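Below, the structure written as structure tokens:
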């Protein structure tokens, strides 16, 4: 995807937003997708560690993909996605594939025996 930048682990706010901390708010409203192109949700807020690392630690995501979170998250609720899962930031935000992280142990056993 054009316009995406790879983000290093534990990047500071300035590094994430090209040296402009005030631009961190531009993450709000961006759509979040997994590496496999699955829509996850939309960024509602950003959690920042201002005391020690001065880095983004999580993305608060709402308007979640119903199929992805069905039975796990109440309707109208959101999730915090650890920023270490973020792979790239551009017009959209790409994160590690959350589908594998959300599988129930029963689903995994079923897929192994099938």
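Numbering (this note's numbering), first residue to last: 1 to 114. We put the CB at the ideal spot given by N, CA and C, even for glycine. Values in this document were obtained by computation on a predicted structure and should not be read as measured data.
Whole-angstrom distance between residue j and residue i, CA atom to CA atom
i, j, result
"residue 22", "residue 28", "Bear in mind that the predicted position of residue 22 carries a pLDDT of just 47, short of 50, making it unreliable; the figure below should be weighed with that in mind. For residue 22 and residue 28, the distance between alpha carbons rounds to 12 Å."
"residue 49", "residue 76", "26 Å"
"residue 81", "residue 51", "20 Å"
Reduced DSSP category for residue i - H, G, I as helix; E, B as strand; rest coil
i, result
"residue 44", "strand"
"residue 87", "strand"
"residue 80", "strand"
"residue 93", "strand"
"residue 50", "coil"
Integer Cβ distance of residue i from residue j, believed to fall under 8 Å
i, j, result
"residue 32", "residue 61", "6 Å"
Residue i: first and last residue of the uninterrupted alpha helix (DSSP H) it sits in
i, result
"residue 68", "66-69"
Residue i classed as buried or exposed, judged by whether at least 16 other C-beta atoms fall within 10 angstroms
i, result
"residue 78", "buried"
"residue 71", "exposed"
Element boundaries [beta strand (DSSP E), containing residue i]
i, result
"residue 57", "55-62"
"residue 74", "Premise fails: residue 74 is in no beta strand (DSSP E) and is neither H nor E."
"residue 32", "31-34"
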